[in-house]
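Reading through the structure tokens given below for one structure.
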Ligand SMILES: [Zn+2]
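In my numbering, the protein residues as written are 410 to 570.
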């Protein structure tokens, strides 16, 4: 299927399309160049030149830096190899008491801090909130995923990395 124009994909990313336009795009087969156009748009929005290989969050990307593949924030902060958990290099704020949990879940809706804590991860460079995880106290830092970059490019995009 032919690709949607870049400005349509840009508006789709930004949530600016009316639902009547968005719904058919979501329901249809992906157009041929969707991912490439998506990456082009993302690349145009960042102030650095390293090639984006895969977005991994609202502000985070796996990028090509020389021979390395690292996680990088849109502000330019670099977290290290994508095969390692970027959260270990992030700023973290842990909500593990009644008062701080009450800011998020006021009143009776808040969790019991004996059973759950919220960990908020922030970029050391721009202080953007990157991820929030709700876990039992003492649970290891969650490593969201390690994508199969080679397999994704080879088997899905049919392109070399
Ligand atoms: Zn940042």
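Think of the CB as a built atom: it goes at the ideal place given N, C-alpha and C, for glycine as much as any other residue.
Here the structure is a predicted model, which is why all the values come from computation and not from measurement.
N-terminal and C-terminal residue of the beta strand (DSSP E) that residue i is part of
i: residue 462; result: 460 to 464
Which residues DSSP lists as bridging residue i, in chain order
i: residue 471; result: 463, 480
i: residue 537; result: According to DSSP, residue 537 bridges with nothing at all.
i: residue 501; result: 530
i: residue 517; result: Answer is none; residue 517 lacks a bridge partner.
i: residue 487; result: 481
i: residue 544; result: 526
Heavy atom of ligand 1 within 7 Å of residue i beta-carbon
i: residue 537; result: yes
i: residue 484; result: yes
i: residue 520; result: no
i: residue 466; result: no
i: residue 534; result: yes
Residue i, enclosing alpha helix (DSSP H) - first and last residue
i: residue 512; result: 507 to 513
i: residue 419; result: 415 to 422
i: residue 454; result: 443 to 454
i: residue 373; result: In the structure as shown, the chain begins at 410 and stops at 570. Residue 373 is therefore absent and cannot be evaluated.
CB contact check: residue i to chain C, cutoff 8 Å
i: residue 410; result: Absent here is chain C; the protein component of the structure consists of one chain.
Supposed contact pair residue j and residue i - C-beta distance, whole angstroms, cut 8 Å
i: residue 539; j: residue 468; result: 6 Å
i: residue 477; j: residue 533; result: Rounded, the Cβ-Cβ distance is 19 Å, inconsistent with contact.
i: residue 434; j: residue 421; result: 6 Å
i: residue 505; j: residue 490; result: With a Cβ gap of about 29 Å, residue 505 and residue 490 do not count as contacting.
i: residue 537; j: residue 527; result: Contact flag wrong, Cβ pair sits at about 17 Å.
i: residue 447; j: residue 471; result: No, residue 447 and residue 471 are not in contact; Cβ-Cβ is about 14 Å, not under 8 Å.
C-beta contact flag for residue i and residue j at 8 Å
i: residue 480; j: residue 495; result: yes
i: residue 449; j: residue 460; result: no
i: residue 565; j: residue 545; result: no
i: residue 562; j: residue 569; result: yes
i: residue 411; j: residue 445; result: no
i: residue 530; j: residue 501; result: yes
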